[in-house]
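Residues 33 to 282 in the working numbering are what the sequence shown lists, from first letter to last.
As structure tokens, the structure follows; a few thoughts come after it.
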Amino acid sequence: MNIQWDAEKYTADFSFVHQYGASLLDWLEGERLTVLDLGCGNGALTKSLAGRGHQAEGLDASGELLETARRSYPELRFIQGDAVRFQAERAYDAVFSNAVLHWIDEENQPALIANVYNALKPGGQFVFEFGGHGNNNLIHEALRQEFTRRGLTYRMPFYFPTVGEYAVLLERGGFLVRNAVLWDRPTELRGRDGLYDWIKLFIRTPFAGMEAALTEEIVRSAVAALKDPLFREGVWYADYVRLWCRAVRS
């Protein structure tokens, strides 16, 4: 799923994406690794990887985000490529990925895993986090109800598996799962219109081809319906559930 990103807004208002991902860096085992940051976005975590002594490169499909990454970290190498179709120019000790894999359609996950496998040295590690089963369930359910009220069908734009589901895919693809966890992570959203802004930035495909006025009506209605569960003490939250994993190429 490739979308056009507002790189400036993404970096300014949704920095929590890479900030939360920083904790996942501790799951990488070893020093001075060659690492591919898969779906590197604005390059913030690629820079963090390099700051830990790793030889890090970033890959992303978004030209807008890569422009920001190259401008911010000109000393690092960034490559434009699709996670499902890229061909690594060399073998890496590790592939790292933060908040990316749920954007890949379920039917394309085996191709993604094969790509990562081929990009790794024997014994190389795949460390990643993404949305797991139940991620943003309240938000998607509110949008689904608003679509249904208008005689429309809401199609889930993301892939949110359980640990068991994804472990099976990894092991079929030649990986041995070493660590995996699924956990709730309610996430604070910035600003008075935090949830509205989040939906407008991240949930695009269900609204493709829809008139702007109807899109606005649906989003505003969903936000209003979510005020009770997701607005607390003047702050909006998103009901994130994350899947973290470390798997090794066998």
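Quick reminder that beta carbons are idealized off the backbone N, C-alpha and C, glycines included.
Original post:
Does the pairing of the region 151-160 with the region 123-140 give three or more beta-carbon distances under 8 Å?
Top reply: yes
Original post:
What number of angstroms, rounded off, separates the C-alpha of PHE207 from the C-alpha of TYR149?
Top reply: If you number the sequence shown from 1, residue 207 lands on position 175. If you number the sequence shown from 1, residue 149 lands on position 117. Cα-Cα distance, rounded: 8 Å.
Original post:
Measuring CA to CA, which of PHE118, GLN119 and ALA88 is closest to GLU107?
Top reply: As a position in the sequence shown, residue 107 is number 75, starting the count at 1. Selected option, being the one with the closest Cα: ALA88.
**OP:** Using only alpha-carbon positions, find the residue among ASN130, ILE145 and ALA76 that is nearest to ALA199.
**Re:** Reading the sequence shown from its first residue, position 167 is the one you call residue 199. Checked all of ASN130, ILE145 and ALA76; the closest Cα to ALA199 is ILE145.
Subject >> As assigned by DSSP and simplified to three states, the class of VAL159 >> reply: On the sequence shown, residue 159 is found 127 positions in, with the first residue counted as 1. DSSP places VAL159 in strand when its eight states are reduced to three.
Original post:
Straight-line CA distance for MET33 to ARG264?
Top reply: Stepping through the sequence shown from its first residue, residue 33 is reached at position 1. Stepping through the sequence shown from its first residue, residue 264 is reached at position 232. With a pLDDT of only 47 at MET33, under 50, the local geometry of the prediction cannot be trusted, and the value read off the model is given with reservation. Between MET33 and ARG264, the C-alpha separation is close to 32 Å.
**OP:** Starting from GLY196, follow the alpha helix (DSSP H) in both directions and report where the run begins and ends.
**Re:** Within the sequence shown, the letter at position 164 stands for residue 196. Start and end: 195-204.
**OP:** Return helix, strand or coil for SER129, following the three-state DSSP convention.
**Re:** In the sequence shown, residue 129 corresponds to position 97, counting from 1. Of the three classes helix, strand and coil, the one that applies to SER129 here is strand, per DSSP.
Original post:
At what residues does the beta strand (DSSP E) containing ASN169 begin and finish?
Top reply: Position 137 of the sequence shown, counted from the first residue, corresponds to residue 169. No beta strand (DSSP E) holds ASN169; the alpha helix (DSSP H) holding it covers 169-181.
**OP:** Out of LEU262, ARG252, GLU203 and THR237, point me to the one whose CA is closest to PRO189's CA.
**Re:** Stepping through the sequence shown from its first residue, residue 189 is reached at position 157. Of the listed residues, the one whose Cα sits closest to PRO189 is THR237.
Original post:
Whose C-beta lies closer than 8 Å to the C-beta of ARG217 among residues of the same chain, with five residues either side of it excluded?
Top reply: What you label residue 217 is simply residue 185 of the sequence shown in a count that begins at 1. These residues qualify, in order along the chain: TYR52, TYR272, VAL273 and ARG274.
**OP:** Find out if the Cβ-Cβ distance for the pair PHE162, ALA131 is shorter than 8 Å.
**Re:** Locating residue 162 in the sequence shown gives position 130, where the first residue counts as 1. Locating residue 131 in the sequence shown gives position 99, where the first residue counts as 1. Yes, the Cβ-Cβ distance between PHE162 and ALA131 is below 8 Å.
Original post:
When the Cα of ASN168 is compared with those of TRP276, THR100, PHE234 and SER94, which residue comes out closest?
Top reply: In the sequence shown, the residue the question calls residue 168 occupies position 136. Checking every option, the nearest Cα to that of ASN168 belongs to PHE234.
Original post:
Expressed to the nearest angstrom, what Euclidean distance is found between the alpha-carbon atoms of ALA244 and LYS232?
Top reply: Here the question's residue 244 lines up with position 212 in the sequence shown. Here the question's residue 232 lines up with position 200 in the sequence shown. Those two C-alpha atoms are separated by around 11 Å.
Original post:
Just to confirm, are GLY83 and CYS72 a CB contact at a threshold of 8 Å?
Top reply: By 1-based counting over the sequence shown, the position of residue 83 is 51. By 1-based counting over the sequence shown, the position of residue 72 is 40. Contact: no.
**OP:** Consult DSSP for LEU152 and reduce its assignment to one of helix, strand or coil.
**Re:** Counting from 1 along the sequence shown, the entry for residue 152 is found at position 120. Three-state result, LEU152: strand.
Original post:
Between HIS86 and ARG64, is the Cβ-Cβ spacing less than 8 Å?
Top reply: For the purposes of this step, residue 86 is taken as the residue at position 54 of the sequence shown. For the purposes of this step, residue 64 is taken as the residue at position 32 of the sequence shown. Their beta carbons are under 8 Å apart, which means HIS86 touches ARG64 by this criterion.
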